[in-house]
Structures are given as structure tokens and as C-alpha cells.
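Q: If you're matching positions, the sequence shown starts at 97 in the numbering used here and goes up one per residue.
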Amino acid sequence: MTLLIKGGTVVNADQTVRADVLCQDGRIVQVGPDLEAPSGAEVVDADGQFVMPGGIDPHTHMQLPFMGTVTSEDFYSGTAAAAAGGTTMIIDFVIPDPQQNVMEAYRQWREWAEKSVADYSFHVAITWWDDTVEADMVSLVKDHGVNSFKHFMAYKGAIMADDEILVNSFSTALRLGAICTVHAENGELVYRLQQQIFDAGITGPEGHPLSRPPQVEGEAANRAIRIAEVLGVPLYVVHTSCRQALEAIVRARNEGQRVFGEVLAGHLLVDDSVYRDPDFDTAAAYVMSPPFRSKDHQEALWHGLQSGNLQTTATDHCCFCADQKAMGKNDFRGIPNGTAGVENRMEVLWHHGVGTGRLTMNEFVAVTSTNAAQIFNVYPRKGAVAPGADADIVVWDPDASKTISAKTHHQQVDFNIFEGMTVKGCASHTVSAGKVVYRDGQLQVERGAGQYVDRPPFASFYEALKAQAAHNKPTAVER
Ligand code: URQ
Ligand code: ZN
Ligand code: ZN
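1) Entirely within the stretch 348–407 and at least 3 residues each: give me those beta strand (DSSP E) ranges in chain order.
2) I'd like to confirm something about Asp488: is its beta-carbon nearer than 7 Å to some heavy atom of ligand 2, or not?
3) Smallest Cα separation from Pro374: which of Val366, Ile321, Gly300 and Thr435?
4) Could you tell me if the beta carbon of His335 falls within a distance shorter than 7 Å of some heavy atom in ligand 2?
5) Does the beta-carbon of Ile323 have 16 or more other beta-carbons within 10 angstroms, so that it is buried, or is it exposed?
6) Suppose the cutoff is 7 Å on Cβ atoms and the five residues either side in sequence are ignored; what does the same chain contact list for Val474 look like?
7) In the DSSP assignment, find the unbroken beta strand (DSSP E) run with Trp492 in it and report its ends.
8) Assuming Ala142 contacts Gly181 under a Cβ cut-off of 8 Å, what Cβ separation, rounded to an integer in Å, is found between them?
9) Go to Glu138, then tell me how far its beta strand (DSSP E) extends in each direction, as first and last residue.
10) Comparing C-alpha positions only, which one of Ala381, Leu365 and Ala361 sits nearest to Thr464?
11) Exposed or buried, which one is Gly164 when buried takes at least 16 other CB atoms within 10 Å?
12) Going by alpha carbons, who is nearest to Phe162 out of Val509, Gly357, Val444 and Phe416?
13) Flag Ser244 as yes when its Cβ comes closer than 7 Å to any non-hydrogen atom of ligand 1, and as no otherwise.
14) Assuming Ala280 and Ala317 make a contact with CB atoms under 8 Å, what is their CB distance in whole Å?
15) Once DSSP output is grouped into helix, strand and coil, what is the label at Ile101?
16) In angstroms, rounded to a whole number, what distance separates the CA positions of Glu574 and Gln353?
17) I believe Val127 touches Val106 by the beta-carbon criterion, under 8 Å. Please report the beta-carbon distance rounded to the nearest angstrom.
18) Alpha carbon to alpha carbon, how far is Glu395 from Asp232?
19) Between the C-alpha atoms of Val519 and His448, what's the straight-line distance to the nearest angstrom?
20) Assuming Met384 and Thr435 are in contact, meaning their beta carbons sit under 8 Å apart, how far apart are those beta carbons, in whole angstroms?
21) Rounded to whole angstroms, what's the CA-CA distance from Ile152 to Gly297? Just pull it up for me.
22) With three or more C-beta pairs closer than 8 Å as the rule, is the stretch 339–346 touching the stretch 283–293?
23) Closer than 7 Å by C-beta to Val370: which residues in its own chain qualify, once you throw out the five before and the five after it? Chain order, please.
24) Does at least one heavy atom of ligand 2 sit under 7 Å from the Cβ of Ser168?
Structure below.
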């Protein structure tokens with residue numbers, strides 16, 4: 097299978113250059129001007145367009161069993177919708193129930209993901225602790241290409257990790273050379289506030305953001321950062337939604353601590369007025385955690401992205417249709433938490449980021465692809481248009497515009513948080529493993545073509561210590 101992308105301008109995180117891109121057998125083999133198309137090659141005309149690394153969404157939940165139901169998007173439809181928006185790899189989550197064997201859960205999610213049309217990988221959530229969990233973490237790192245472990249500090253009574261779990265898991269991850277990630281909300285506070293708000297007679301979706309104020313996220317982000325600091329393990333804070341959490345990340349980074357921050361496209365562009373919509377279905381459709389915040393938080397998040405204090409963008413794609421959201425009709429605590437976005441992340445970020453001058457094209461590539469590849473240790477296989485890299489590429493038409501709607505999106509959900517938003521700049525072609533999977537509005541995907549992406553551990557901390565100790569080994573006692 098040979099593909100030549102001709103006439104475009106290649107945009108990587110570090111440079112922009114007019115060049116053609118030749119792909120063979122799923123890999124990029126040549127990047128340069130005036131390349132000839134080998135006989136039989138498929139040619140994509142990228143004249144006047146940008147040729148960028150395929151997007152990596154480091155935070156999705158396809159087919160997730162959660163809050164008494166299962167998300168409406170599965171790995172087939174979800175990776176196809178991602179491709180329609182220029183995203184060619186997702187990092188999803190294995191989320192064992194408390195007391196569920198971790199390896200059993202991992203195998204279950206691997207089976208679910210086999211139908212994917214593009215590449216995928218998994219963070220594994222640590223939701224409980226005993227010796228078997230520790231042993232499974234060792235096996236997942238050494239034998240299954242997992243280098244990141246997730247911890248939900250929210251969701252008391254379900255998947256919440258308390259400090260004991262955090263300390264045990266963070267310590268083990270460090271020993272294994274893995275990175276820890278957190279959903280940072282204080283689950284005890286949320287539980288208490290939910291009770292107080294419901295008892296005060298606020299039962300509708302407007303109660304959701306009231307029970308999860310920014311301080312609840314700021315406390316948990318800082319607590320996770322401090323625990324990681326004491327233990328010496330790298331930390332990645334998912335869906336940073338407010339100034340308080342961002343400030344905790346900035347302080348740590350300014351003190352040289354290895355902390356990374358992720359921001360959702362939704363949290364950058366949607367504000368909390370949505371929860372005051374009198375229509376239950378509309379307000380409930382926006383229920384996710386952390387909730388959408390007031391506009392002042394959005395400006396802080398954009399500054400976090402522009403300053404490099406937030407490194408990645410994601411969607412937390414976790415879809416529930418109206419009939420599922422209605423499970424919380426009379427009690428907002430029962431509304432399944434989650435919203436969609438995997439198809440629209442890149443175009444809304446291009447329009448509101450590059451289109452406004454907040455981000456350069458190179459920074460856009462960094463925050464939609466390259467930084468995630470580097471943080472989760474799959475760069476330059478992913479996150480670069482360069483010889484040797486996987487041929488995961490998006491051809492981006494800066495002049496094409498579209499209006500986003502649930503009526504036309506490929507996502508298997510009946511609501512779109514960006515409904516009615518007109519964007520300028522979107523994918524004209526998406527290439528996955530060297531094959532065109534999306535072209536001018538039409539998906540050309542193959543069920544099961546996606547591959548699981550192994551993510552190797554970083555240098556193991558103890559191996560590094562041992563090497564250091566050997567290097568500094570004291571000679572015979574010097575008199
Ligand atoms: O918390 C998460 O990241 C999952 C359960 C998706 N739901 C959400 O509201 N963010
Ligand atoms: Zn979360
Ligand atoms: Zn999530």
C-alpha cells in the first residue's frame with residue numbers, strides 16, 4: 097500500500113515546511129519536495145493544505161459501563177468518529193470495579209477495543225488495592241505495554257481512590273517507570289455537597305456544578321501533586337477545568353516538579369450557563385465532571401495552554417443519550433456523567449486557537465498530538481510527520497468551514513456540546529496506518545484495522561538509582 101500526499105505544507109510541532117509525504121506499508125518513508133509517485137501509488141492532492149500528525153486524544157471512554165448504564169459509543173464508532181475529525185489514536189481507560197481482578201478487566205477492554213478502526217492504547221485505573229493489584233501493575237508494565245495508571249479521586253462509593261490507594265499505586269508506578277494520572281476532585285466533599293444541595297430541594301441538573309465547585313478540584317489537584325512530589329513520581333492531571341487546579345500545576349512546575357496538565361476542548365469553550373437551561377434534556381446533556389465552569393476559568397485555561405503549563409488537549413469522550421441522562425430526571429446525582437467531542441476536538445481548537453492567534457500551527461500540533469505522544473512515550477512513532485513514523489496523518493484544509501451538529505456528526509450520541517458552532521479549518525483527509533480512512537466528508541474505515549499501541553515504561557526509578565549507586569560506588573575506605 098503506497099500513498100503520496102502531494103503539494104501540502106507539513107506542520108510538525110517543531111517546524112513548518114513545504115513538502116510531499118510518501119507512505120509505504122503503514123509507515124512514512126520520505127518527506128521532501130517534489131517526490132515522485134511510485135507506480136500504483138494512491139495520490140492525495142494537498143495543495144493549499146496543511147499535512148499534520150494525526151491527532152492523539154489521550155482521554156476517551158468508549159463502551160464504558162458507568163453509573164448503571166454503558167456509554168452509547170463503542171470502539172468501532174468512536175474511533176471512526178475520531179478519524180472524521182482528524183484524530184488517529186485514542187488512549188482509553190481500563191476501569192476495574194473495586195475488587196475486580198485488574199488483569200481480567202484489562203483483557204475485557206482489550207477485547208472490546210478489537211473492533212477499532214484506528215490505533216488505541218489504555219491507561220489502567222487503580223480503583224482498589226491489595227497484593228494482586230500490585231502484581232498486576234508489574235505485569236501490565238512489563239508484559240502489556242501499559243505505562244500510565246489512572247486514579248479517580250472522585251466517585252465515592254464507586255471507583256474513588258483514597259489516599260492509601262494513591263500512595264500504594266504511585267509508589268509502585270514509580271518503581272516500574274510508569275506515570276500516574278488523576279481525576280482530581282475531592283470525592284468526599286462532592287458527596288457531602290450533593291447531599292446538602294439535594295436536601296435543599298435542588299434536584300435538577302443545576303445542582304451538578306453546585307456540588308463540584310472549583311475549590312473541590314483545586315484541593316484534589318494539589319493533594320495529588322504533593323503526594324507525587326513526596327514520592328518522586330511524575331504526575332498527569334486529566335481534564336484540568338479551573339484556575340485553582342491550574343495554579344497547583346503551575347506552582348509545581350515552577351518548582352521543577354514533573355507535573356503535566358490536560359485540558360478538554362469542552363472546558364475551553366463551554367461555560368456553566370448551560371446548566372441553567374430550563375430544558376432538562378439540554379442541561380443534563382452537559383453534565384460531566386468536572387463541570388463546565390464560568391468564563392473566567394476558560395481564559396485561565398487558554399493561558400495555561402499558551403504558556404505551556406497545560407500540555408495536551410483531550411475530550412473525555414463519554415457519551416450518554418437523552419434516555420440515559422434521564423436516569424437522573426428527579427435527582428441530578430443519577431445523571432450519568434459524560435459528554436462527547438472526539439470528532440470535533442481538533443477543528444474547534446484550530447478555529448478558536450489558531451484562528452484567533454492564541455496558538456501557532458506548531459503549538460496546535462503539539463497540544464493535539466505531539467505532546468501526548470511524548471508524555472506517554474510513543475514519540476516519534478506517533479506525533480510526527482517524519483520518516484519512520486507511523487503513517488497517521490491529517491490533511492487539514494484551512495479554508496473549509498462547517499457547522500457542528502448532532503444531526504451531521506458521526507458520533508453515536510444524540511447531542512453535541514458544540515451544537516451550531518461554525519468553524520473554519522477542518523480535516524479534508526485522515527490517514528491511518530497509511531490508508532485514507534476519511535476523505536471529503538466520507539468515512540472509508542475498516543472494522544478491526546486499528547492496532548493496540550504498546551507504550552514502554554520510562555527509565556525505572558530503581559534501576560536508575562542502582563546505576564547511579566554503581567557509578568558512585570565508594571572505593572575502599574579512603575584514609
Ligand atoms: O470522570 C471521567 O473522566 C469519566 C467517568 C467520564 N465522565 C465525566 O464526567 N468526566
Ligand atoms: Zn474524569
Ligand atoms: Zn474520563
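Ideal Cβ placement from N, Cα and C applies to all residues, glycine included.
A: From the atom records:
1) 355–360
2) Position 392 of the sequence shown, counted from the start, is the residue given in the question as residue 488. Not so, every heavy atom of ligand 2 lies at least 7 Å from the Cβ.
3) Numbered from 1 along the sequence shown, position 278 holds the residue referred to as residue 374. With distances taken between Cα atoms, Pro374 lies closest to Gly300.
4) Here residue 335 corresponds to residue number 239 of the sequence shown, with the count starting at 1. Yes, since a heavy atom of ligand 2 falls inside the 7 Å radius drawn around the Cβ of His335.
5) Locating residue 323 in the sequence shown gives position 227, where the first residue counts as 1. So Ile323 counts as buried.
6) By 1-based counting over the sequence shown, the position of residue 474 is 378. Within the same chain, Val474 has close Cβ partners Val549 and Arg551.
7) Stepping through the sequence shown from its first residue, residue 492 is reached at position 396. Ile489 to Thr499 is the span of the beta strand (DSSP E), which, as asked, contains Trp492.
8) Working through the sequence shown from its first residue, we reach residue 142 at position 46. Working through the sequence shown from its first residue, we reach residue 181 at position 85. That belief does not hold up - the Cβ atoms of Ala142 and Gly181 are roughly 18 Å apart, past 8 Å.
9) Counted from its first residue, the sequence shown places residue 138 at position 42. Where Glu138 is concerned, the enclosing beta strand (DSSP E) stretches over Glu138 to Asp141.
10) Position 368 of the sequence shown, counted from the first residue, corresponds to residue 464. When only C-alpha atoms are compared, the closest one is Ala361.
11) Taking the first residue of the sequence shown as 1, we reach residue 164 at position 68. Exposed, by the Cβ-count rule.
12) Counted from its first residue, the sequence shown places residue 162 at position 66. That would be Phe416, whose Cα lies nearest to the Cα of Phe162.
13) Looking up residue 244 in the sequence shown gives position 148. Incorrect: Ser244 has no Cβ contact closer than 7 Å to ligand 1.
14) Residue numbering aside, residue 280 sits at position 184 when the sequence shown is read from its first letter. Residue numbering aside, residue 317 sits at position 221 when the sequence shown is read from its first letter. Correct: roughly 4 Å between the Cβ atoms.
15) Mapped onto the sequence shown, residue 101 falls at position 5. The answer is strand: DSSP assigns Ile101 an E or B state.
16) Working through the sequence shown from its first residue, we reach residue 574 at position 478. Working through the sequence shown from its first residue, we reach residue 353 at position 257. The predicted position of Glu574 is uncertain, since its pLDDT is 45 and thus under 50; no value can be drawn from it.
17) Here residue 127 refers to the residue found at position 31 of the sequence shown. Here residue 106 refers to the residue found at position 10 of the sequence shown. Yes, Val127 and Val106 are in contact; Cβ-Cβ is about 6 Å, under 8 Å.
18) Within the sequence shown, numbered from 1, the residue matching residue 395 stands at position 299. Within the sequence shown, numbered from 1, the residue matching residue 232 stands at position 136. Computed Cα separation, rounded: 41 Å.
19) Mapped onto the sequence shown, residue 519 falls at position 423. Mapped onto the sequence shown, residue 448 falls at position 352. The alpha-carbon atoms of Val519 and His448 are separated by roughly 8 Å.
20) Looking up residue 384 in the sequence shown gives position 288. Looking up residue 435 in the sequence shown gives position 339. Between Thr435 and Met384 the Cβ distance is about 5 Å, and since that is below 8 Å, they are a contact.
21) Working through the sequence shown from its first residue, we reach residue 152 at position 56. Working through the sequence shown from its first residue, we reach residue 297 at position 201. The straight-line gap from Cα to Cα measures roughly 42 Å.
22) no
23) One-based indexing of the sequence shown puts residue 370 at position 274. The answer, listed in chain order, is Ala379, Tyr382 and Phe388.
24) Looking up residue 168 in the sequence shown gives position 72. Flag unset: Cβ of Ser168 not near ligand 2.
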